[in-house]
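J.: Handing you this structure, nothing more for now.
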Amino acid sequence: MSPSHRLGTRFLRPSFLPATMLGLFFLTPAAVLVAQSVPPALESPPARAPQTGPHGEKLPGMPKFHDPAPYDIDEHTGYKQIFDGKTFTGWDADPSIWRVEDGVMIGETLEGKPKGNNYIVYRGDKTRDFDLKLKMKIEKGGGGGIQYRSVTGTPWTRAQPEGLPPYDLKFMMTGPQADFWFPVRAQAAGHTGQWYSENTMQGILAYRGQVTQALPGETNRLVATIGDKQALGGYVKVNEWNDYEIIARGGVMMHIMNGQLMAIFIDDNKDSVNNQPGLIGFEIESQPCKISVRDIWLRKLD
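Every letter in the sequence shown is one number past the one before it in the working numbering, and letter 97, counting from 1, is 91.
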C-alpha cells in the first residue's frame, strides 16, 4: 500500500470539493462548541467533570440523560385564569342555558325544551397559538366540546331541525372543536377527544387515536396512529371531572385528556380557517345534557 493511502499520513482532497469547504468538514471541537446555543432550562447536569481537549479547549462533561418533569394539569406558569368562578365577566352566553354554580360554569338543556346547539363564548381574547387547560364533565346524555380559533355570526350550515327556535348568531360558533360526548351509545362515546370542525363542511378531520395532515390542495391524510380508538376511551371518565388540554401551534393542534394524547390535526394550509386567530368557547348539544367546566387557564403564545 502506498504512503498516500495510509491512514493519517496525508489527506487527498477529492477533485469535486473546493478547498474553501474543507473547514466545514474538519471543524475543531472548540468551533463546534462555540456554535451551540442551548437554553439554560434545557441543559442536563453533567455525568462527569469537564475535560480538556487535544488543543487545550475546555470540553463540557457528557450530559446525563433524564426524564422530563411529570405531566401536571395544575401547572400554570405563564397562564391566566379566564373564568373567575363567580360571574360570566368576559363571556357571552344565553342565560336560559348557561349559569354559574358553586364556582362551576354549567350549561344545561332540558327534556321537552329543545333549543338547538348552543355556545358560551369567551370574548376576552382572540388567539391562534396557545395552551388551554381546564376540567370538564358531561352528564345526563348529549355532548358538546371546546371551541377554539372560532368565529361567531356564521349562519348554521345545515337545515335546522323542525320545531327549534331560530339560532342566535351572536352565540353561534364556527371553527375547530375538541369533542366531548356522554356515552349514550357506542358511536357517541367514540367522539370524545377527536378533532371536529363545527358548523363547516370539513367535519371530522382526526378521529380519536389519529394524527392526520392536510397539505395545500389535498384532503387530510393519516400520518400516524396514537392508539386504538376504543381503547383510548378508557382514559375518559364518565360522570366525573376530566382534565382536558388543547395545544395549538401554527398548523398543529393537539387534544389531550387526563394526560393522554387523543388526536392531532396538522393543517399546512396557511390560509385555512383553522389557522386563524379566533375565539374560545364551549358547545352544548340540543338533546338533554349537562356540561360543567371549571379551572379554565389560558396561556397565549401569539
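Backbone N, C-alpha and C fix where the C-beta goes; we use that ideal spot for every residue, glycine too.
1) With a threshold of 16 other CB atoms inside 10 Å of the CB of Ser144, please say whether the residue is buried or exposed.
2) Where does Gln181 sit, in a helix, a strand or coil, going by DSSP?
3) Taking 8 Å as the cut-off, decide whether the C-beta atoms of Trp189 and Gly137 are in contact.
4) Go to Leu226, then tell me how far its alpha helix (DSSP H) extends in each direction, as first and last residue.
5) Is it right to say Phe59 is buried, meaning 16 or more other beta carbons lie within 10 angstroms of its own, or is it exposed?
6) Determine which residues share a DSSP beta bridge with Asn214 and list them.
7) Would Ala217 and Val230 be called neighbours here (beta carbons separated by less than 8 Å)?
8) Closest by CA to Ser90, which one among Asp162, Lys129, Asn269?
9) Where DSSP assigns a beta bridge to Thr168, which residues make up the other side?
10) When DSSP labels each residue in this structure, what does Asn112 get in the three-state scheme?
11) Out of curiosity, what's the CA-to-CA distance linking Lys223 and Gln45?
12) Quick check on Leu255: does DSSP put it in helix, strand or coil?
13) In three-state DSSP terms, what is Val98?
14) Just verifying my parser: in three-state terms, what is the DSSP assignment at Lys294?
15) Going by DSSP, name the residue or residues bridged to Glu192.
16) Excluding the 5 residues preceding and the 5 following Pro282 in the sequence, name in chain order all residues of the same chain whose CB lies nearer than 7 Å to its CB.
17) On the three-state DSSP scale, how would you describe Leu104?
T.: For this structure:
1) In the assembly as shown, Ser144 is a buried residue. Its beta-carbon has 16 or more other beta-carbons within 10 Å.
2) helix
3) no
4) 223 to 226
5) exposed
6) Ala208
7) Looking at the sequence provided, one finds Val at residue 217 rather than Ala. Their beta carbons are not under 8 Å apart, which means Val217 does not touch Val230 by this criterion.
8) Asp162
9) Val145
10) strand
11) 51 Å
12) Leu255 sits in a strand when the DSSP states are folded into three classes.
13) strand
14) strand
15) Within the DSSP bridge table, the entry for Glu192 names Gly169 as partners.
16) Thr103, Leu104, Glu105, Lys134, Gly135, Gly136
17) coil
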